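Asker: Here it is, the structure in full.
There are 2 protein chains.
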Amino acid sequence: MTVPRAAKTQRRTRIQEEKEERILDAALDVFSSSGFRGATIDQIAEAAGMSKPNLLYYFRTKEAIHRTLLERMLFTWLEPLQAFDADGDPETEIRSYIRRKLEMSRDFPRESRLFANEILQGAPHIEDEINGPLKALVDEKAEVIRTWIKAGKLARCDPYHLIFSIWATTQHYADFDVQVRAVLGENRAGEGRFEDAARFLEQLFMRGLGISAA
Amino acid sequence: MTVPRAAKTQRRTRIQEEKEERILDAALDVFSSSGFRGATIDQIAEAAGMSKPNLLYYFRTKEAIHRTLLERMLFTWLEPLQAFDADGDPETEIRSYIRRKLEMSRDFPRESRLFANEILQGAPHIEDEINGPLKALVDEKAEVIRTWIKAGKLARCDPYHLIFSIWATTQHYADFDVQVRAVLGENRAGEGRFEDAARFLEQLFMRGLGISAA
DNA sequence: GTAATGTTTTACCAACCGGTCAAATTATCA
DNA sequence: TGATAATTTGACCGGTTGGTAAAACATTAC
Chain A
15 MTVPRAAKTQ
25 RRTRIQEEKE
35 ERILDAALDV
45 FSSSGFRGAT
55 IDQIAEAAGM
65 SKPNLLYYFR
75 TKEAIHRTLL
85 ERMLFTWLEP
95 LQAFDADGDP
105 ETEIRSYIRR
115 KLEMSRDFPR
125 ESRLFANEIL
135 QGAPHIEDEI
145 NGPLKALVDE
155 KAEVIRTWIK
165 AGKLARCDPY
175 HLIFSIWATT
185 QHYADFDVQV
195 RAVLGENRAG
205 EGRFEDAARF
215 LEQLFMRGLG
225 ISAA
Chain B
15 MTVPRAAKTQ
25 RRTRIQEEKE
35 ERILDAALDV
45 FSSSGFRGAT
55 IDQIAEAAGM
65 SKPNLLYYFR
75 TKEAIHRTLL
85 ERMLFTWLEP
95 LQAFDADGDP
105 ETEIRSYIRR
115 KLEMSRDFPR
125 ESRLFANEIL
135 QGAPHIEDEI
145 NGPLKALVDE
155 KAEVIRTWIK
165 AGKLARCDPY
175 HLIFSIWATT
185 QHYADFDVQV
195 RAVLGENRAG
205 EGRFEDAARF
215 LEQLFMRGLG
225 ISAA
């Protein structure tokens, strides 16, 4: 008996902590490469090195694992945009935003793919977050960009599509990694590809937005 | 008896033609929003308005449907890049490439998502196409871009990352449609969003690549 | 019209899926 | 140490899944 399944808000054993972490890590592997429906508990359990019932002792359902992963991911995912500072100057802010997003694609590709999978399938599990907090945050930062434009610090452009294009270009290196590697070939697909991408994107956006050339 | 299942290269009945088309259309719906593993034959059959065994009379396996869709899609998908003309001038070529890719995101979002799903999951079914024809095509066009740069018609930049960034920004409007709509809100998420995107992207790339301002 | 061919349906199967249960095992702590 | 609570396991269940078999039904060609 004893129903500590997935923690009762308090009192988490060392084992609980450890196993839950292992499950989430394994689940991130599986969900990010198969989507929610395509993933099976057995796959996750095997990747985590435990039996299915044992896994279900820590997370009651497949959805519970998925939900936990999405919550964690969303937080870190939006952090770089949070950092966007209205008082900073556009060049620094945009340049470092691109850089941070690119670093996230490099260091957390599975999280990026988890998110991509979720959105691709219509965001059934994070509809509220998308329509609520995420939209609010983007609205806020779009306003910041607009003030920069009004102050003549930035070429006139649609701030929403600017944000979309930064998301798209940076996340591409995580979500379409297989394609990027294949196209670049063995010589150029090493870790250096992120440096190359950073150089290209910074130039593109700096010049494209009428900021001093890169 | 009679084993015409999925066509014996010749002699296709009107009914065959018609039903296969209906199946592929339904399958595109399902695969593009659930991925290969997440899709079920039953879902496809229901969407196509026929029984599962009936569907399996036309396509022997789930994989056969998926393979057919991917083949068709890849052809149309790469066509715009094919059109990239070395003798044209960079401004026209790049501008119309962006425009065509954006139109494809608008008119064939399901195809875009089918492709995105496949790449996200590691491209298990189109590995060969990616490493072969696709890479070759990109290599060829990257060379075209390089000659433009050498001729001083374009700012110096990495042609591969240029192509990636066009792919990423345009396909974003199909693959991340749910997010785009949510962020833009009801007022600005109408069909006009593609016009806005086109305007923004053309400006970004034209200026970013050192071509006359948009 | 009838025979051959093409199409659809009903019934079915074995494997897999998410999840439960109760018993067995292990860790914790007084 | 022993009692108690935490963890792990194997056996199991009902529903779903990809796919088959065979017969009923429809269409076409002669």
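These protein sequence lines map, in sequence, to chains A and B. Under the numbering used here, residue 228 is the last one in the first sequence; the count climbs by one each step, no gaps. Under the numbering used here, residue 228 is the last one in the second sequence; the count climbs by one each step, no gaps. Note that CB positions come from ideal geometry on N, CA and C, so glycine has one too. Predicted, not measured: the structure shown is a model, and the values here were computed from it.
(1) Using the beta-carbon of each residue, which ones in chain B are nearer than 9 Å to A61(A)?
(2) Measuring alpha carbon to alpha carbon, tell me which of R127(B), G52(B), K155(B), I58(B) ends up nearest A97(B).
(3) Under 8 Å, Cβ to Cβ, is there at least one residue of chain A near Y71(B)?
(4) Within a Cβ cutoff of 8 Å, which residues of the same chain sit near R127(B), ignoring the five residues on either side of it in sequence?
(5) Taking only the alpha-carbon atoms, compute the straight-line gap between D210(A) and L168(B) and give it to the nearest angstrom.
(6) What's the C-alpha gap between E141(B) and I133(B)?
(7) Give me the Cα-Cα distance between L70(B) and L38(A), rounded to the nearest whole angstrom.
(8) Given a cut-off of 8 Å, decide if P94(A) and K115(A) are closer than it, judged by their beta-carbon atoms.
(9) For L198(A), which option in E216(B), I180(B), K149(B), P104(B) has the closest C-alpha, if you only look at C-alpha atoms?
(10) Sorted by chain position, which residues of the same chain lie with C-beta nearer than 6 Å to L215(B)'s C-beta, five sequence neighbours on each side aside?
(11) What is the rounded straight-line gap between the Cα of G102(B) and the Cα of F219(B)?
(12) Is A62(B) near R36(B), with beta carbons less than 8 Å apart?
(13) Using 8 Å as the threshold, is the C-beta distance between D191(A) and P123(A) below it?
(14) Between F178(B) and H186(A), which are expected to be in contact by the criterion C-beta below 8 Å, what is the C-beta distance as a whole number of angstroms?
(15) Pop quiz: A196(A) and I144(B) are said to be a contact at Cβ under 8 Å. What is the actual Cβ separation, rounded to whole angstroms?
(16) If you measure from the beta carbon of A41(B) to each beta carbon in chain A, is any gap under 8 Å?
(17) Apart from the five residues on each side of it in sequence, which residues of its chain come closer than 6 Å, Cβ to Cβ, to K76(B)?
(18) In whole angstroms, what separates the C-alpha of L223(A) from that of I58(A)?
(19) For the alpha helix (DSSP H) that contains E205(A), what are its first and last residues?
(20) Would you verify that the beta carbon of I144(A) is, or is not, closer than 8 Å to some beta carbon of chain B?
(21) Tell me whether the beta-carbon of E34(B) lies closer than 8 Å to the beta-carbon of Y72(B).
(22) Taking D43(B) as the reference, which of N131(B), F89(B), W91(B) has the closest Cα?
(23) In the region 80 to 102 of chain A, which residues sit with their C-beta less than 9 Å from some C-beta in chain B, listed in chain order?
(24) My output table needs one value for F89(B): the three-state DSSP class, helix, strand or coil.
(25) Can you round the beta-carbon distance between I29(B) and E105(B) to whole angstroms, since I take them to be within the 8 Å contact cut?
(26) What is the DSSP secondary structure of T183(A), reduced to helix, strand or coil?
(27) With a cut-off of 8 Å on the beta carbons, I'd call V152(A) and A100(A) a contact; round off their distance for me.
(28) State the DSSP-derived secondary structure class of G166(A), mapped to helix, strand or coil.
(29) So, for I163(A): in the same chain, excluding its five sequence neighbours on each side, which residues have a beta-carbon less than 8 Å away from its beta-carbon?
(30) Restricting to runs no shorter than 4 residues, where is the alpha helix (DSSP H) found entirely within the region 51 to 117 of chain A?
(31) Quick one, which residues of the region 110 to 130 of chain A are near chain B if we go by CB-CB under 8 Å, in chain order?
(32) Starting from A182(B), find everything on chain A with Cβ-Cβ shorter than 7 Å and list it in chain order.
(33) Are any of the Cβ atoms in chain B nearer than 8 Å to that of S179(A)?
(34) Using a cut-off of 7 Å between C-beta atoms, extract the partners of L168(A) located in chain B.
Answerer: With the structure as the only source:
(1) Here residue 61(A) refers to the residue found at position 47 of the first sequence. None at all; the shortest Cβ gap to chain B is about 15 Å.
(2) Counting from 1 along the second sequence, the entry for residue 97(B) is found at position 83. When each option's Cα is compared against that of A97(B), the closest is K155(B).
(3) Start at 1 with the first residue of the second sequence, and residue 71(B) comes out as number 57. With 8 Å as the cut-off, Y71(B) does not count as an interface residue toward chain A.
(4) The residue you call residue 127(B) lines up with position 113 of the second sequence. Here the set comprises S46, S47, A188, D189.
(5) The residue you call residue 210(A) lines up with position 196 of the first sequence. The residue you call residue 168(B) lines up with position 154 of the second sequence. Rounded to whole angstroms, D210(A) to L168(B) spans 18 Å at the Cα level.
(6) Residue mapping note: residue 141(B) aligns to position 127 of the second sequence, counting from 1. Residue mapping note: residue 133(B) aligns to position 119 of the second sequence, counting from 1. Cα to Cα, E141(B) sits roughly 9 Å from I133(B).
(7) Walking along the second sequence from the start, residue 70(B) turns up at place 56. Walking along the first sequence from the start, residue 38(A) turns up at place 24. So the two alpha carbons sit approximately 38 Å from each other.
(8) Within the first sequence, residue 115(A) is the residue found at index 101, counting from 1. Within the first sequence, residue 94(A) is the residue found at index 80, counting from 1. For the pair K115(A) and P94(A), the CB atoms are nearer than the 8 Å cut-off.
(9) Along the first sequence, one-based indexing puts residue 198(A) at 184. Looking only at E216(B), I180(B), K149(B), P104(B), the smallest Cα-Cα distance to L198(A) is reached by K149(B).
(10) Reading the second sequence from its first residue, position 201 is the one you call residue 215(B). The residues are I112, T183.
(11) Here residue 102(B) refers to the residue found at position 88 of the second sequence. Here residue 219(B) refers to the residue found at position 205 of the second sequence. Each residue's alpha carbon lies about 17 Å from the other.
(12) The count along the second sequence starts at 1 and reaches residue 62(B) at position 48. The count along the second sequence starts at 1 and reaches residue 36(B) at position 22. It is a contact, given that the beta carbons lie within the stated cut-off.
(13) Your numbering for residue 191(A) matches position 177 in the first sequence. Your numbering for residue 123(A) matches position 109 in the first sequence. The beta carbons of D191(A) and P123(A) sit closer together than 8 Å.
(14) Here the question's residue 178(B) lines up with position 164 in the second sequence. Here the question's residue 186(A) lines up with position 172 in the first sequence. That belief holds up - the Cβ atoms of F178(B) and H186(A) are roughly 6 Å apart, short of 8 Å.
(15) The residue labelled residue 196(A) in the question sits at position 182 within the first sequence. The residue labelled residue 144(B) in the question sits at position 130 within the second sequence. Right, their Cβ atoms sit about 5 Å apart.
(16) Taking the second sequence and counting its residues from 1, one reaches residue 41(B) at position 27. No, because no Cβ of chain A sits closer than 8 Å to the Cβ of A41(B).
(17) Taking the first residue of the second sequence as 1, we reach residue 76(B) at position 62. Result list for K76(B): I55, in chain order.
(18) One-based indexing of the first sequence puts residue 223(A) at position 209. One-based indexing of the first sequence puts residue 58(A) at position 44. Computed Cα separation, rounded: 45 Å.
(19) What you label residue 205(A) is simply residue 191 of the first sequence in a count that begins at 1. Looking at the DSSP string, E205(A) is not in any alpha helix (DSSP H), and its letter there is neither H nor E.
(20) Counted from its first residue, the first sequence places residue 144(A) at position 130. I144(A) counts as touching chain B.
(21) Here residue 34(B) refers to the residue found at position 20 when the second sequence is read from its first residue. Here residue 72(B) refers to the residue found at position 58 when the second sequence is read from its first residue. Against a cut-off of 8 Å, the Cβ pair of Y72(B) and E34(B) comes out as a contact.
(22) Working through the second sequence from its first residue, we reach residue 43(B) at position 29. Closest option to D43(B), judged by alpha-carbon separation, among N131(B), F89(B), W91(B): N131(B).
(23) Result list empty, no residue passes.
(24) Against the second sequence, residue 89(B) aligns to sequence position 75. Of the three classes helix, strand and coil, the one that applies to F89(B) here is helix, per DSSP.
(25) In the second sequence, the residue the question calls residue 29(B) occupies position 15. In the second sequence, the residue the question calls residue 105(B) occupies position 91. Taking the Cβ atoms as the reference, I29(B) lies roughly 50 Å from E105(B), outside the contact range of under 8 Å.
(26) As a position in the first sequence, residue 183(A) is number 169, starting the count at 1. DSSP places T183(A) in helix when its eight states are reduced to three.
(27) Numbered from 1 along the first sequence, position 138 holds the residue referred to as residue 152(A). Numbered from 1 along the first sequence, position 86 holds the residue referred to as residue 100(A). With 8 Å as the limit, V152(A) and A100(A) do not qualify as a contact, their Cβ atoms being about 14 Å apart.
(28) Locating residue 166(A) in the first sequence gives position 152, counting from the first residue. Note: G166(A) maps to coil in three-state DSSP.
(29) Residue numbering aside, residue 163(A) sits at position 149 when the first sequence is read from its first letter. Sequence-distant partners of I163(A) (beyond 5 residues in either direction) whose C-beta falls short of 8 Å from its own C-beta, in its chain, are A169, R170, C171, P173.
(30) Counting only runs of 4 or more, we get 55 to 62, 66 to 72, 76 to 96.
(31) Residues of the region 110 to 130 of chain A whose Cβ lies closer than 8 Å to any Cβ of chain B, in chain order: R127, A130.
(32) On the second sequence, position 168 is the one that residue 182(B) refers to. Within chain A, the residues near A182(B) are A182, T183, H186.
(33) Mapped onto the first sequence, residue 179(A) falls at position 165. At least one chain B Cβ lies under 8 Å of S179(A).
(34) Sequence index remark: in the first sequence, residue 168(A) carries index 154 (1-based). Those do not exist, as L168(A) stays about 12 Å from chain B at its closest Cβ, beyond 7 Å.
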